[in-house]
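Chain order of the listed sequences is A and B.
The numbering used here numbers the first residue of the first sequence as 1 and each following residue consecutively.
The numbering used here numbers the first residue of the second sequence as 135 and each following residue consecutively.
For each residue, glycine too, the CB sits at the ideal point set by N, CA and C.
Nothing here was measured: the structure is a model prediction, and the numbers come from that model.
Input: a single structure, listed below in C-alpha cells.
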Amino acid sequence: TVGAVAVDAHGNVAAATSTGGITGQMIGRVGDSPLIGNGVYCDNAVGAASTTGRGEEIAKVTLARNLVFHMEQGLSPQDAVEKALNFMQERRGAPGGAIAVSKNGDFGYYFNTKAMIWASVQNGQLHYGVYPGE
Amino acid sequence: MMAPSPTLVIHGGAGALSHTGYVDVDGLKSGIQQAARLGYRHLVGQTSSAIDAVEAAVCSLEDNPLFNAGRGSELTLGGTVEMDAIIMEGRDLRAGGVTCVRNIQNPVSLARLVMEKTEHVLLAGEGANKFAREVGVVEMPPEEFITEPRRKQLENYLEFQRAGKQIHDKDRELGIDDHD
Numbered sequence: 001t002v003g004a005v006a007v008d009a010h011g012n013v014a015a016a017t018s019t020g021g022i023t024g025q026m027i028g029r030v031g032d033s034p035l036i037g038n039g040v041y042c043d044n045a046v047g048a049a050s051t052t053g054r055g056e057e058i059a060k061v062t063l064a065r066n067l068v069f070h071m072e073q074g075l076s077p078q079d080a081v082e083k084a085l086n087f088m089q090e091r092r093g094a095p096g097g098a099i100a101v102s103k104n105g106d107f108g109y110y111f112n113t114k115a116m117i118w119a120s121v122q123n124g125q126l127h128y129g130v131y132p133g134e
Numbered sequence: 135m136m137a138p139s140p141t142l143v144i145h146g147g148a149g150a151l152s153h154t155g156y157v158d159v160d161g162l163k164s165g166i167q168q169a170a171r172l173g174y175r176h177l178v179g180q181t182s183s184a185i186d187a188v189e190a191a192v193c194s195l196e197d198n199p200l201f202n203a204g205r206g207s208e209l210t211l212g213g214t215v216e217m218d219a220i221i222m223e224g225r226d227l228r229a230g231g232v233t234c235v236r237n238i239q240n241p242v243s244l245a246r247l248v249m250e251k252t253e254h255v256l257l258a259g260e261g262a263n264k265f266a267r268e269v270g271v272v273e274m275p276p277e278e279f280i281t282e283p284r285r286k287q288l289e290n291y292l293e294f295q296r297a298g299k300q301i302h303d304k305d306r307e308l309g310i311d312d313h314d
C-alpha cells in the first residue's frame, strides 16, 4: 500500500491511498484502502491522514477517521497517529502505519510494524526513513 | 491567519520490506524520494495544490514495481491483480475511489476522476473500467501489472497453504507480514 497527505499554500488538505491488496487474497476482496475513513480521511478544518496495514482490521477501527478525530480533539498529528495505531494494536492485535498532516503544516508518521517506508517534504527539505528511529 | 507551510508526507506501506526474502531497501528509498520530489513540485508557487501533490506522489509509487500498488501489486489466489485506490480533498469533503480494477495504470488518477466527474464515491470492477473508457483513461494488458517477485510470493503462499500451514506459521517462517 502507498499513500500521501498534503497541505498546500492555500490551506487545502488532501489525502490519497492506493494498494494492490494482499498476497493470496480472495478474488473480489476489498480492504480498507478505497474506503473513506479507513484508507484516508481529510478535512480542511483539521488535517489529513493515510493508513497502511491489515485492511480488515483498519476497516474495523475506521483508522483514518479515528486519527483525524484525535487531531480535532487537539492532539498533534504525531500524537494522533500514535494514539490511533496503538488503539488498533490494543483492540484488534493488528499493527500498522499511518501518516498525517495538520491544516497548519505540522505532520506526523508512526508504525508499530517492523518497518514502514516514509518521506516528508517541507520548506524544500526532504526527509525519509524505513526503520524505527530513522 | 498565516498560510501554512506547504507540506507533503508519503508512505510506501508497512509490509513492503518482506517480499520472499529479497528486499531492495535502496530501491525503496530511491523510489520514495522520487515520489516525494514529484509530489512536492505541485505544492510550490502560486498553483500550490494539495490534491495535485498527493495524486502525483501516489502515481509515482504506483508506477514503481517495488511498491504494492499499480505495477507490482500483490496477487490474488487466482494469480491476478486487483487494485484499489481513493483520493479525498478537505475543502468540501469530496472523495472518489475505485476497487478491484485490473488494468488501469494509475488507479489513484481514476479515483480522482470518479470524485470530479461522477456523483458517486466508489466504482468497482467492470463498472470502474467502463467509466475509465468513457473518460478516456487508457487500459493496459493486465499481465503488465504482474511482476516476477509477486509471482514468487504467491507461489510461496500457495505452497504453505498446500502444506496445511496457518497464516501465522507462514508469517513466522518467511518473515512475511500479511499487510496491504
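8 Å Cβ cut-off: residues of chain B touching residue i
i, result
"A:P34", "D218, A219, I220, G231, V232, T233, A245, L256"
"A:V81", "What A:V81 touches in chain B: nothing, since even the nearest Cβ is about 10 Å away."
"A:V40", "I220, I221, M222, A229"
"A:G93", "In chain order: nothing, as chain B lies at least about 11 Å away."
Chain-ordered neighbours of residue i on chain B, where CB pairs are closer than 7 Å
i, result
"A:F107", "T141, V143"
"A:F111", "A148"
"A:Q122", "S139, T141"
"A:S50", "H145"
Closer than 8 Å to chain B by CB, residue i
i, result
"A:M71", "no"
"A:K103", "yes"
"A:T1", "yes"
"A:L126", "yes"
"A:N66", "no"
"A:N86", "no"
"A:G20", "yes"
"A:G74", "no"
"A:A59", "no"
"A:T17", "yes"
"A:G53", "yes"
"A:G133", "no"
Any chain A beta carbon closer than 8 Å to residue i
i, result
"B:G204", "yes"
"B:P138", "yes"
"B:L308", "For B:L308, the predicted model reports a pLDDT of 48, less than 50, meaning its position is unreliable; a value from the coordinates is still stated below. Not one chain A Cβ lies under 8 Å of B:L308."
"B:V242", "yes"
"B:R267", "no"
"B:E260", "no"
"B:I280", "no"
"B:T210", "yes"
"B:V159", "yes"
"B:E196", "yes"
"B:R225", "yes"
Burial state of residue i (16 or more Cβ within 10 Å)
i, result
"B:E216", "buried"
"B:H176", "buried"
"B:S249", "Per the sequence shown, the amino acid found at residue 249 of chain B is Met instead of Ser. Buried: at least 16 other Cβ atoms inside 10 Å."
"A:T1", "buried"
"B:D160", "exposed"
"B:E208", "buried"
"A:T62", "buried"
"B:H153", "Note on B:H153: pLDDT 47, under 50, position unreliable in the model; the coordinate value appears next. Label assigned to B:H153: buried."
"A:Q125", "exposed"
"B:Q287", "buried"
"B:S139", "exposed"
"B:A266", "buried"
Closest residue to residue i among the options (Cα-Cα distance)
i, options, result
"B:A203", "A:N104, A:M26, A:V121, A:G21", "A:G21"
"A:M116", "A:G133, A:V101, A:G105", "A:G133"
"A:A16", "B:R267, B:R205, B:D186", "B:D186"
"B:V255", "B:A245, B:N263, B:G261", "B:A245"
"B:L227", "A:V46, A:R29, A:A4, A:S18", "A:V46"
"B:A169", "B:R205, B:T281, B:V188, B:S207", "B:V188"
"A:T6", "A:Q125, A:V130, A:V121, A:N66", "With the sequence shown as reference, residue 6 of chain A is identified as Ala, and Thr is not the correct amino acid for it. The candidate whose alpha carbon is nearest that of A:A6 is A:V121."
"B:F279", "B:N237, B:G298, B:G261", "B:N237"
"B:T252", "B:V272, B:P241, B:V235, B:A229", "B:A229"
"A:M71", "A:S102, A:N12, A:A119", "A:S102"
Endpoints, the alpha helix (DSSP H) within which residue i is located
i, result
"B:S182", "That residue, B:S182, is in no alpha helix (DSSP H); it is neither H nor E in DSSP."
"A:I58", "55-60"
"A:R92", "77-92"
"B:Q167", "159-174"
"B:G259", "259-268"
"B:R205", "Segment: none, B:R205 is in no alpha helix (DSSP H) and carries neither H nor E."
The beta strand (DSSP E) enclosing residue i, as first and last residue numbers
i, result
"A:D43", "40-43"
"B:M217", "217-223"
"A:L126", "125-129"
"B:S243", "Not the beta strand (DSSP E): B:S243 falls in the alpha helix (DSSP H), residues 241-251."
"A:A100", "96-102"
"A:F111", "107-111"
"B:L227", "Segment: none, B:L227 is in no beta strand (DSSP E) and carries neither H nor E."
Neighbour list for residue i in chain A, Cβ cutoff strictly below 7 Å
i, result
"B:F201", "V2"
"B:R287", "One detail in the question is off: residue 287 of chain B reads as Gln in this sequence, not Arg. Ordered by position in chain A, the residues that pass the 7 Å Cβ test against B:Q287 are T23."
Contact list for residue i against chain A, beta-carbon separation under 8 Å
i, result
"B:K163", "I117, Y128, V130"
"B:R171", "V121, L126"
"B:G298", "Per Cβ cutoff of 8 Å: no residues; B:G298 is ~15 Å from chain A at best."
"B:Q167", "A119, L126, Y128"
Within chain A, partners of residue i - CB distance below 9 Å
i, result
"B:M215", "Correcting the residue type first, residue 215 of chain B is Val in the shown sequence and not Met. The contacting residues are G20, G21."
Q. Closer than 8 Å, Cβ to any Cβ of chain D: which residues of the region 182-194 of chain B, in chain order?
A. Chain labels in this structure do not include chain D; the protein chains are A and B.
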